[in-house]
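Residues are numbered in this note's numbering as their position in the sequence shown, beginning at 1, plus a constant of 16.
To keep things clear, I will list the structure first and then write my remarks on it.
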Amino acid sequence: MRKILFLVIAIMMGMTFAAQAQMDPSQPLPADKEIRKGVLPNGLTYYIRHNEKPKGMAEFYIVHDVGAIQEADNQQGLAHFLEHMAFNGTKNYPGKSLIEYLEKIGVKFGANLNAGTSWDYTQYYMTDVPVARESVVDSTLMILHDWSHFITLDPKEIDSERGVIKEELRTRDNASWRSTIKMLKAVGKGTLYEQRNLIGYLEGLEGFDHSDLESFYHKWYRPDYQAVVVVGDIDVDKVEQKIKNIMADIPAPAADAAKKDVIVVPDNAEPIVSINADPEMQQSSLMLMYKSQAMPKQMNNTMMYELLNIMKSYISRMINERLSDIARKPDAPFVQAMFEPAGSLGICPTLEVTTGLVNTQDGKIMEGYKALLTEMERMRRHGFTEGEWERAKNNILSGLENQYKSRDDRRHSQFANMCIANFREGTPIYDAETEYQLDKQIVEMISCDMINATVKQMYQPLNNAVIVVNTPVKDGIAIPTEAELVEALKAAVASDVEPFKDNVVKEPLISDESVLKGSPVKKSAQNASLGTTEWTLKNGIKVVIKQTPYQADNIGVEAVADGGAALFGDDMYYSAQMLGSVMSMSGISKFSASDLRKQLSGKQAQAGAGVGTYEHMVTANASLKDVETMFQLLYLQFTAPRFSEDDYQTLMNRYNAMLANQMTNPDFIFAQSLMGTLYGNNHRRQQLTPEVMAGVKFEHMAQIHKQLFSNAADFRFTFVGNMSPEDLKPYVEKYIGSLPTAKKAGNVFTDDKVRTAKGGVVNDFKVKMEQPKVSVFVGFSGDAEYNLKNQMVAKYLTAALDNRYLKSIREEKGGTYGVGVRVALLNEPVEQYMVQIQFDTNEQMADELMAIVMAELEKIAAEGPLKEDMDKTREYENKNYSKSLEQNGWWSRTIASFYDDGINNVEDYLPAVNSVTADDVKAMAKKILEDGNIVKVVMRPEK
Numbered sequence: 017m018r019k020i021l022f023l024v025i026a027i028m029m030g031m032t033f034a035a036q037a038q039m040d041p042s043q044p045l046p047a048d049k050e051i052r053k054g055v056l057p058n059g060l061t062y063y064i065r066h067n068e069k070p071k072g073m074a075e076f077y078i079v080h081d082v083g084a085i086q087e088a089d090n091q092q093g094l095a096h097f098l099e100h101m102a103f104n105g106t107k108n109y110p111g112k113s114l115i116e117y118l119e120k121i122g123v124k125f126g127a128n129l130n131a132g133t134s135w136d137y138t139q140y141y142m143t144d145v146p147v148a149r150e151s152v153v154d155s156t157l158m159i160l161h162d163w164s165h166f167i168t169l170d171p172k173e174i175d176s177e178r179g180v181i182k183e184e185l186r187t188r189d190n191a192s193w194r195s196t197i198k199m200l201k202a203v204g205k206g207t208l209y210e211q212r213n214l215i216g217y218l219e220g221l222e223g224f225d226h227s228d229l230e231s232f233y234h235k236w237y238r239p240d241y242q243a244v245v246v247v248g249d250i251d252v253d254k255v256e257q258k259i260k261n262i263m264a265d266i267p268a269p270a271a272d273a274a275k276k277d278v279i280v281v282p283d284n285a286e287p288i289v290s291i292n293a294d295p296e297m298q299q300s301s302l303m304l305m306y307k308s309q310a311m312p313k314q315m316n317n318t319m320m321y322e323l324l325n326i327m328k329s330y331i332s333r334m335i336n337e338r339l340s341d342i343a344r345k346p347d348a349p350f351v352q353a354m355f356e357p358a359g360s361l362g363i364c365p366t367l368e369v370t371t372g373l374v375n376t377q378d379g380k381i382m383e384g385y386k387a388l389l390t391e392m393e394r395m396r397r398h399g400f401t402e403g404e405w406e407r408a409k410n411n412i413l414s415g416l417e418n419q420y421k422s423r424d425d426r427r428h429s430q431f432a433n434m435c436i437a438n439f440r441e442g443t444p445i446y447d448a449e450t451e452y453q454l455d456k457q458i459v460e461m462i463s464c465d466m467i468n469a470t471v472k473q474m475y476q477p478l479n480n481a482v483i484v485v486n487t488p489v490k491d492g493i494a495i496p497t498e499a500e501l502v503e504a505l506k507a508a509v510a511s512d513v514e515p516f517k518d519n520v521v522k523e524p525l526i527s528d529e530s531v532l533k534g535s536p537v538k539k540s541a542q543n544a545s546l547g548t549t550e551w552t553l554k555n556g557i558k559v560v561i562k563q564t565p566y567q568a569d570n571i572g573v574e575a576v577a578d579g580g581a582a583l584f585g586d587d588m589y590y591s592a593q594m595l596g597s598v599m600s601m602s603g604i605s606k607f608s609a610s611d612l613r614k615q616l617s618g619k620q621a622q623a624g625a626g627v628g629t630y631e632h633m634v635t636a637n638a639s640l641k642d643v644e645t646m647f648q649l650l651y652l653q654f655t656a657p658r659f660s661e662d663d664y665q666t667l668m669n670r671y672n673a674m675l676a677n678q679m680t681n682p683d684f685i686f687a688q689s690l691m692g693t694l695y696g697n698n699h700r701r702q703q704l705t706p707e708v709m710a711g712v713k714f715e716h717m718a719q720i721h722k723q724l725f726s727n728a729a730d731f732r733f734t735f736v737g738n739m740s741p742e743d744l745k746p747y748v749e750k751y752i753g754s755l756p757t758a759k760k761a762g763n764v765f766t767d768d769k770v771r772t773a774k775g776g777v778v779n780d781f782k783v784k785m786e787q788p789k790v791s792v793f794v795g796f797s798g799d800a801e802y803n804l805k806n807q808m809v810a811k812y813l814t815a816a817l818d819n820r821y822l823k824s825i826r827e828e829k830g831g832t833y834g835v836g837v838r839v840a841l842l843n844e845p846v847e848q849y850m851v852q853i854q855f856d857t858n859e860q861m862a863d864e865l866m867a868i869v870m871a872e873l874e875k876i877a878a879e880g881p882l883k884e885d886m887d888k889t890r891e892y893e894n895k896n897y898s899k900s901l902e903q904n905g906w907w908s909r910t911i912a913s914f915y916d917d918g919i920n921n922v923e924d925y926l927p928a929v930n931s932v933t934a935d936d937v938k939a940m941a942k943k944i945l946e947d948g949n950i951v952k953v954v955m956r957p958e959k
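See the structure below:
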C-alpha cells in the first residue's frame, strides 16, 4: 500500500486541474453544509441532516466503534449477546416496553427496529420512524441515549436470551458460515481475528457469568467510541438541541479508561494456506488474497482517497470484464471469477485485501486457480489496453452523471451510511456537487498509463499471499495440497504471458432501421384515479404511462402477458422457465453478451426477458439520456433473440456446478422435501437439481420464444418514471409500434392444475448434518376470494401470529431465533389463501414448539387477535402506504393490480386497512382450521 500511496502522490503532482488549484490534495475535502456534525463534552459524536425521502419520517442510529474483537477470552460472543440485550430492558424502557412503544407508532421490530454486530463495530437503528409528533423524536433519542450507557442487563433477561442466541448459532452454522470464519482466521493469522468467531460457542453462551457481560458493556460502550446519526424530515436545529439535552448525562470516560488496541495483521513471507473440506459445502472455490496496509484514517477524507478509489474502479471493471468473457466459454476453466483491488474484508481497520476468486466445477480447483493466476499476471505485467480503458472511463462517467442527476432522490439511509462511514473510517461526507465535479475531473485526468503503473505496484505475487480453498467432501474429488497451491503460484510468476488482445464489435444495435415501420397512437385515455395515460396503438398494443418524480434520472418499462411456462407440457416446462437466463447468457441480435456489454459502454440502459409460471415479460430501464437505447433493446428482445449453443452449454455448466452438491445441504433437502410434500411431488413444483436441469433443452428455446413473444399485442407495456407521455410518444410509436402483432387470439392464462395438498399431510424425516438442528414447516391452504379486503385481513393475521410466536416461542421458551410467518392470498392458478410458518430449533423442543404453533392459531380462532396487535398493524400499514407512494416499484405493482385484478390500491388501500376488525381476523383463523388442509414437514438430525 505504501508503494501505491507514493504512486498516487506522484500522479497528483503531475495533474493540473481546477480542483487541485483550489485545494491541497492532503487537506480534508469540504463537508456537506447540510450535515450538522458535532461532539458533546462527554465525547459523543453526532450527525444530523434534513432529508425528505420519504417525507414525514426519519432514521435514528447509534454506532459503537467497538465489536467482537474487544472481547476478552472469557467474553467470546458477548458483543453480539449485548446487542440482543438492548431490546430486553433499558433505564427508561424496562422489559419489552421499548419494542412495544415503537411498534405502536408503526416502527416494526425486525423490519424497522434492529441492530448488527461485527468484529470492529456495532450499530443499532430505527428506520421509517414517523416524526410528525415532537414527542416521537424525543422518545427515539431517549432510546439511543439508553443504548449508549443505560441497558439494564437484568439477570433473568440474560438467562432467557441464552436460548435464543444458541438457536441463532444453530441456524447460522452452515457450510457457508463455517467457510467464512475459516477464511477470516487465515487472513487474520497471528492476531485476535484468528480467535474470534463473532457469535461465540455453545458452551460459552450457556455458562458465562452475568458479570462478564456487564464488564464488556461498561468497559467499551462509552461516548468517545459512539456516534448518534439522525437523518430525515426533521428540524436540524431542534434535533441538535435535543441531542445536547438528552445525551448530556451519559458519563464521559474516565481518564484511565481502556483504549482499543490497534491491531496490525503481520506480514507473511510464505503463502498462508487454508483448505476447508466440508461435507455440506455446495461448490468448489478458491480465494487468493494479498494483504496490505490500509490507507491511514486521516487520509481517507482527501483527494488522494478519491483518486485511489477511482483507480480501483478502473482496474476492477477492466479485469472483471476479461474474467467474465473467459467464464462465458463452454470450456471455461472456472464457472465464475472475480478480482477486486485492495479493499476492506470486513475485519481489521488497518487491513486491506486484494482478492481474486474462482468458483469451479468439482475437481477443477487447480485448473481454475491457474487460469486466475494467468490473468492476474497478465494484468500485472502488461496492464490494460486503450480500448478497455476507454470503455471503463465511459462507464464510470456515465455512472457519475446518473448519480449526480439523482442526487435529490437519495433516501435517508444513504446519508446515514455516509455519516457512519465518516465516523468509523474518516471517509468524506461531501455534498453531491463537490463529489461529482471532483470525481469527474479525476476520471478525465487518469490515463491508461497511470492505471498500468498502478497495477504493477498493487501487490507482489509471492508476498503476503493467503490462499483459501473450499471444497465438498465426496468420492472422486481431488483436493489440492498446500504444496501444489504454492507451487502453482510460483510457476505463474515465472511463466510467459502474452499481452491481452481486445476484440470489439462496434455497430448500431439496429443496423437496418427500415424494419421500424412504426404504428401511431390510435386511442388515448386518462385514468384520473391512477394518474396514468392509456394508449392503444394502431397495431393493437396497449400502453400505460405513469410519470413520477421519484427517480429523477430513470425510466422503466414492464411488458407483461398471460401465459408463462404453464402453456407448455412437462417436457418443455423447465426449458420455458430457463428461457430468460439463456437469452441473457447469449446476448441479442448479432451481439454476444460480451459484445453487447462493450457496445453499451457509457450507457445506462438494459433489457431482459423472463418467464414465470403463469406470465411472461420483458423489462427494461434506462437513464433519460439513454432512453432510445432502452427502446432498441426492448425491441430486440421481441424480434431478435440470439441463441448460441455454446453459451447455452456454459450456462448449463454453471447451474450444474452450483447444484451438484445440493443433496448434502440440509437446508436444500428441507426445501426440496417441503415443496414435494406441499404439492404432492408434482413435476412442476421442484427445487432445481441436476436431474431437473437435464430436462432443459437448447432445441426448445427458439420455439418457446416464438410462441411467447411473437405477438406483442398479448402484452401490456407499463412505463413508470420521470418522462412525460409527450416525450415517450415518439419512441413508443417507432419501436413498440414496430413490434409484430397478430389478429388472432394470443396466449391466455392457462391453469396447469397444480394444487396444494388437501387434508392432513405429514413428512417427518431425518438427515445427516454437521450442526444438529430441527427445521419445521407448518402450512395451511384453502379457497378464498382474491380481493383487497382479504389481503388486508391476511396481513393482520400474519402480524398477530408473528407477535404471538415472538413472545411464546422466542422470548418465553427461548426455542428459536425467529419464526417466519406468512399468510398470503393467491389468485393463480386458483383463488386461495396460503399460510406458511417456519422455524429452526433443537431436538428437545421441536414437538413442544409445534404444539405452540397450533395453540396460538387456535387461540386467535377462538378469541380473536389482541387489540394491541391490531393497532400496531394498522399503524404500520398506514405509515408504509405513505412511503410507498414515493416508490416507482409500488406504482408498477399498483398499475398491474388495477388492470389484472381490478384492485385499486390508490383509492381503496387505506380504507381496506382501516376497515379490518378483530372479528375479520378471527374468522379467517377459524376458516383456516376448519378447512383442515395442513401440511407439516419436519427435518430432524440423523444420529
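Beta carbons: idealized from backbone N, C-alpha and C, even for Gly.
Could you tell me the distance, in whole angstroms, from the CA atom of V521 to the CA atom of A687?
44 Å
Just to confirm, is the Cβ distance from Q648 to L525 under 8 Å?
yes
For the candidate residues L926, V932, L901 and R890, whose alpha-carbon lies nearest to that of K124?
R890
So, for Y452: in the same chain, excluding its five sequence neighbours on each side, which residues have a beta-carbon less than 7 Å away from its beta-carbon?
L416 and Y420
Would A636 be called buried (16 or more neighbouring beta carbons within 10 Å of its own) or exposed?
buried
Along the alpha helix (DSSP H) that carries N806, what are the first and last residues, could you check?
L804 to Y821
CA-CA distance, F731 and M633?
8 Å
Would the beta-carbon of A877 fall within 8 Å of that of A934?
It is not a contact, given that the beta carbons lie outside the stated cut-off.
By how many angstroms is the C-alpha of L454 removed from the C-alpha of A37?
Because the pLDDT at A37 is just 46, under 50, the model does not fix this residue reliably, and the value given afterwards should be weighed accordingly. Rounded to whole angstroms, A37 to L454 spans 12 Å at the Cα level.
If you reduce the DSSP assignment to three classes, tell me which class A37 lands in.
Residue placement at A37 is flagged as unreliable, the pLDDT there being 46, under the threshold of 50; the coordinate-derived value follows with that caveat. DSSP places A37 in helix when its eight states are reduced to three.
Around the C-beta of P267, are 16 or more other C-beta atoms found within 10 angstroms, so that it is buried, or is it exposed?
Around the Cβ of P267, a 10 Å sphere holds fewer than 16 other Cβ atoms; the residue is exposed.
Looking at G359 and V369, is the spacing between their C-beta atoms short of 8 Å?
yes
Hey, I331 and P357 are a contact pair by Cβ (cut 8 Å); roughly how many whole angstroms apart?
5 Å
Looking at C-alpha atoms only, which residue of A815, I825 and G223 is the closest neighbour of E884?
The shortest Cα separation from E884 among A815, I825 and G223 belongs to A815.
Cα separation between D924 and A544?
14 Å
Does DSSP put Y589 in a helix, a strand or coil?
The three-state secondary structure of Y589, taken from DSSP, is helix.
Measure from the alpha carbon of G753 to the alpha carbon of each residue in R426, N555, G580 and E742, then state which is nearest.
N555
With a threshold of 6 Å on Cβ separation, who are the neighbours of V929 within its own chain once the five nearest residues in sequence on each side are excluded?
So the qualifying residues of the chain are M808 and E893.
Please work out which residues of its chain come closer than 8 Å, Cβ to Cβ, to E222, disregarding the five sequence neighbours upstream and downstream, and give them in chain order.
R178 and K182
Spatial neighbours of T143 within its chain, please: CB distance less than 6 Å, with the 5 preceding and 5 following residues excluded, ordered by chain position.
Take T143, set aside five residues on each side of it, and the residues of its chain with a beta-carbon closer than 6 Å to its own are E75 and N128, in chain order.
Helix or strand or just coil, what does DSSP make of D455?
helix
Below 8 Å on the Cβ atoms is my contact criterion, and I expect L304 with A481 to pass it. Report the Cβ-Cβ distance as a whole number of Å.
7 Å
Could you check where the beta strand (DSSP E) with A507 kicks off and where it finishes?
Not the beta strand (DSSP E): A507 falls in the alpha helix (DSSP H), residues E498 to A510.
If we call anything under 8 Å between Cβ atoms a contact, is L841 one with N819?
no
In angstroms with no decimal places, state the Cα-to-Cα distance between I197 and Y77.
For I197 and Y77, the distance between alpha carbons rounds to 27 Å.
State the Cα-Cα distance for the pair L367 and Y566, rounded to the nearest angstrom.
39 Å
Rank A729, E550 and D768 by C-alpha distance to the C-alpha of G762 and give the top, closest one.
Residue A729 is the option with its Cα nearest to G762.
Are the beta-carbon atoms belonging to A581 and Q593 less than 8 Å from one another?
A contact, by the Cβ cut-off of 8 Å.
What are the start and end residues of the alpha helix (DSSP H) that includes S689?
P682 to L694
Should G132 be labelled buried (16 or more other beta-carbon atoms within 10 Å of its own) or exposed?
Exposed.
Suppose the cutoff is 8 Å on Cβ atoms and the five residues either side in sequence are ignored; what does the same chain contact list for E847 look like?
D799, A800, E801, Y802 and L841
Could you give the distance in angstroms between the alpha-carbon of G831 and the alpha-carbon of G696?
30 Å
Please specify which runs of the beta strand (DSSP E), each continuous and at least 3 residues long, are wholly inside the region 69 to 112, giving them in chain order.
73 to 80
With 16 other CB atoms within 10 Å as the buried threshold, where does A494 fall?
exposed
Where does A264 land, buried or exposed, given buried means 16+ other C-beta within 10 angstroms?
exposed
Can you find the residues in the same chain that come closer than 6 Å, C-beta to C-beta, to T108, ignoring five residues on each side of it along the sequence?
The question names Thr, yet the displayed sequence has Asn at residue 108. Counting only Cβ-Cβ distances below 6 Å, and skipping sequence neighbours, we find M158 and D162.
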